[in-house]
Structures are given as structure tokens and as C-alpha cells.
Amino acid sequence: MTLDIYTELRNDIENRLSIVQNKLNSFPKSASGMVQQSVDLSNANKAFYLVFNQLRALNKVTSNKVKKQHSRNKRGY
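Quick note: the sequence shown uses our numbering, first residue 619, plus one each step.
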């Protein structure tokens, strides 16, 4: 896998992950910081784990060399 393909795929997954995270964070919390269980929360949680597992799978099949190059480019080296 090349750096360009990895970057494109990772950016897409990270964008979807941030959308799901924002949805999870939008649920109201009680004074103790707990979120009341609901069907919507359960669905958002499932969506988060689906997208997160896609990121894990991408990282699993990508060589360390490409991941290091991506990290360097992201930091601006």
C-alpha cells in the first residue's frame, strides 16, 4: 500500500470517526457523568465501534514504513 492510498483511506475513516464521536458526545450526562442508556446511544456506540474497527483493520494491513511516513508528514517533518 502506498502512502497516498493510506492517507486517503485514513482521512476518510478519521472524518467518519469524528462525526460518530461528536454524536456520542452530544448525549446529555447526569451530574455524575453517566449517560442514560437508550436505543440511540446504543446505535451510536455500535457505529463508533464499526468505524474504529475499520481503522484498526487498515492499520493492521499497512506496513510500519508507510505508517511512519504518514506520521512524519502529519507532524510536518
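Beta carbons: idealized from backbone N, C-alpha and C, even for Gly.
- Going by DSSP, residue 665 is part of the alpha helix (DSSP H) stretching over 657-679.
- C-alpha of residue 651 to C-alpha of residue 659: approximately 15 Å in a straight line.
- A Cβ-Cβ distance of about 6 Å is found for the pair residue 642 and residue 666, placing them in contact under the 8 Å criterion.
- For residue 624, the uninterrupted alpha helix (DSSP H) segment begins and ends at 621-643.
- By the neighbour-count criterion, in which 16 or more other beta carbons inside 10 Å mark a residue as buried, residue 649 falls on the exposed side.
- Pairing residue 653 with residue 645 gives a Cβ-Cβ distance under 7 Å.
- The alpha carbon of residue 672 has as its nearest neighbour, out of 629, 622 and 620, the alpha carbon of 629.
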